[in-house]
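J.:
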Amino acid sequence: MNLENLRAKLLSAARQTAPDERVPYAFEKRIMAHLVRKPAEDLFSLWGSALWKGAAACAVITALSVALSVWNFRSTTDTDDDGFETVVLAGADQMTQTW
Amino acid sequence: MEHSDAELIAAVLKGDAASFEPLVARYSPRIFATARRYARRDSEVEDIVQEVWTKAYQKLSSFRGEAPFEHWLMRLAVRTCYDFLRGHQRNRETTFSELSEPESDWLDRYVNDPSSAAEDAAAARQLLDRVLSQMAPAARLIITLLEIEERPVKEIAKLTGWSVALVKVRAFRARAEMRKRLAKIAKEKYL
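Protein sequence lines, in the order shown, are assigned to chains A and B.
Using my numbering, the first residue of the first sequence is number 3, and each one after it goes up by one.
Using my numbering, the first residue of the second sequence is number 712, and each one after it goes up by one.
Quick look at the structure:
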């Protein structure tokens, strides 16, 4: 059996019939009633959205805290380095002055 | 006086929900025709069309008016039909014993003399419907758009949101899948 020919024949049969465009009576009224109907309050979705908002706020606070602590750590390290250097080289400075 | 699509859409976006009704009345026949290609039961068809209009109403602000409203709406309709197919996917394969008598007779006529099997026969359409209903959602969608509705590949890419290359690949696979399913039916019936 030539399957490609059979496939073409079946598709040709489908092409020859346009699908039905019939619309049920007053369908547009039904759609409008559905669209303007006030959505029922869903407690779970309300709770879920509040939870997501809370999670987003927590993430922002965490990011800010991390950024601040990193920045603070760097500036503290820089100060310590300067102090350490001053102490270590204090003797050398004095020696230079003596010479 | 009949308002244009643009006027009605502008009115809806300003808060006049009632202006949406003429749009529903104007384009529902086309959406029903599209939905009937993918769903058989009336209740399923109505659910699909209702879903399309609900999405259209909710996303109306995203319609920019660069293309006709009908094109935008048809994209929504095709994607909703695809979602429907994915949600109602069946993994069952058609066996010869499931064919109805007219379908089986049509296939006999085709095997005996391919030219005598009428192309406009209802049985042929039923048989095709049966084969399509067993195919993967993407394959069914692509066969319908490309082979039955004879739309160009670029248009299918716009309707489905797939790239042109993906449409071509899926079309190739869909044709192969269809041949495979027809071969299975033929093998059971005649071997």
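Just so you know, even glycine gets a beta-carbon here, dropped at the ideal spot from N, CA and C.
Only a predicted model underlies this, so the values are computations on that prediction, with no experimental measurement involved.
Helix, strand or coil: which one does DSSP assign to B:A847?
T.: coil
J.: State the start and end residues of the unbroken alpha helix (DSSP H) segment that holds B:Y793.
T.: F780 to G798
J.: Tell me the rounded alpha-carbon separation between A:D44 and B:R836.
T.: 44 angstroms
J.: Taking B:R741 as the query, report the chain A residues whose CB atoms sit under 9 angstroms from its CB, ordered along the chain.
T.: E23
J.: Give me the Cα-Cα distance between B:L771 and B:L724, rounded to the nearest whole angstrom.
T.: 7 angstroms
J.: Name the chain A residues whose beta carbon is nearer than 7 angstroms to that of B:W822?
T.: According to the sequence displayed, residue 822 of chain B carries Val and not Trp. Result: M3.
J.: What number of angstroms, rounded off, separates the C-alpha of A:V25 from the C-alpha of B:A721?
T.: 26 angstroms
J.: Do you know how far the Cα of B:T871 is from the Cα of B:A897?
T.: In this structure, the alpha-carbon of B:A897 lies about 32 angstroms from that of B:T871.
J.: Under 8 angstroms, CB to CB, which of the residues in the segment 777-797 of chain B have a partner in chain A?
T.: none
J.: Just to confirm the assignment, what range does the alpha helix (DSSP H) spanning B:F774 have?
T.: No alpha helix (DSSP H) contains B:F774, which DSSP labels as neither H nor E.
J.: I need the DSSP call for A:V25, collapsed to helix, strand or coil.
T.: coil
J.: On a CA-only basis, which of B:S844, B:Y768 and B:R775 is nearest B:R752? Give me that one, please.
T.: B:S844
J.: Compute the distance between the beta-carbons of B:M889 and B:I853, then report whether it is under 8 angstroms.
T.: no
J.: Using 8 angstroms as the threshold, is the C-beta distance between B:R741 and A:E6 below it?
T.: no
J.: Ordered along the chain, which non-local residues of its own chain (more than five positions away) have a Cβ less than 8 angstroms from that of B:L975?
T.: Since the displayed chain B opens at 712 and closes at 902, residue 975 of chain B lies outside it and no answer follows.
J.: Compute the Euclidean distance between the alpha carbons of A:R17 and B:G776, then round it to the nearest angstrom.
T.: 32 angstroms
J.: Counting only beta-carbon atoms, is B:A721 nearer than 8 angstroms to chain C?
T.: Although the question refers to chain C, the structure presented lacks it and instead comprises the protein chains A and B.
J.: Cβ of B:R890 less than 8 angstroms from any chain A Cβ?
T.: At least one CB atom of chain A sits nearer than 8 angstroms to the CB of B:R890.
J.: Please work out which residues of its chain come closer than 7 angstroms, Cβ to Cβ, to B:N766, disregarding the five sequence neighbours upstream and downstream, and give them in chain order.
T.: Correcting the residue identity first, residue 766 of chain B is Lys in this sequence and not Asn. Hits under 7 angstroms: L787 and T791.
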